[in-house]
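FYI, the numbering for the sequence shown is 3 to 121, going by the numbering used here.
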Amino acid sequence: MPVQTQLASIAAWNDEEHVRANRDLYREKFDAVLDILAPVLDVQRPDGGFYLWPNVGTDDAAFCRDLFVDQHVTAVPGSYLSREVDGVNPGAGRVRLALVAPLAECIEAAERIRAFVLK
């Protein structure tokens, strides 16, 4: 491996500031989005990760389809992300809401989801 690549790798592995900054950004997103969604959905802050996993209390695929049609917000049906075992799909009735967009976009999406749920 070229020495320049090794030196760049060492610098990257020794820099924890970007990790702390990223954690702070996600903490801010979770705080803002949960304030908006927790009153209307069964959703909790995850121990780790970058997405929420709310129980929508209905068919998850239909919820995601209708959310997109009505509010132009994309979510992933939980049943698409898990495997059925003994006739039960643990993701059924849940959706994945990834908080990877900038904070303002996450807040706007959460407000649209809230409006959709309250209809």
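In this text, a Cβ means the ideal position worked out from N, Cα and C, and glycines have one as well.
Within a 10 Å sphere around the beta-carbon of Phe-65 sit 16 or more other beta-carbons, which makes this residue buried.
Using a C-beta cut-off of 8 Å, the segment 42 to 53 makes no contact with the segment 61 to 76, since fewer than three inter-stretch Cβ pairs fall below that distance.
Ranked by how close their Cα comes to the Cα of Leu-99, the residues Ile-115, Ala-106, Val-87, Ser-84 have Ile-115 in first place.
Under the DSSP assignment, Arg-98 falls in the beta strand (DSSP E) whose first and last residues are 97 to 100. In the structure shown, Leu-54 adopts extended strand secondary structure according to DSSP, grouped into three states. From the listed residues Leu-120, Ile-109, Arg-96, the smallest Cα separation to Asp-44 is found for Arg-96. Around the beta-carbon of Gly-89, fewer than 16 other beta-carbon atoms lie within 10 Å, marking it exposed. For a cut-off of 8 Å, the C-beta gap from Ala-34 to Leu-120 is around 18 Å, too long to register as a contact.
Counting other Cβ atoms within 10 Å of its Cβ, Ala-112 reaches 16 or more and is therefore classed as buried.
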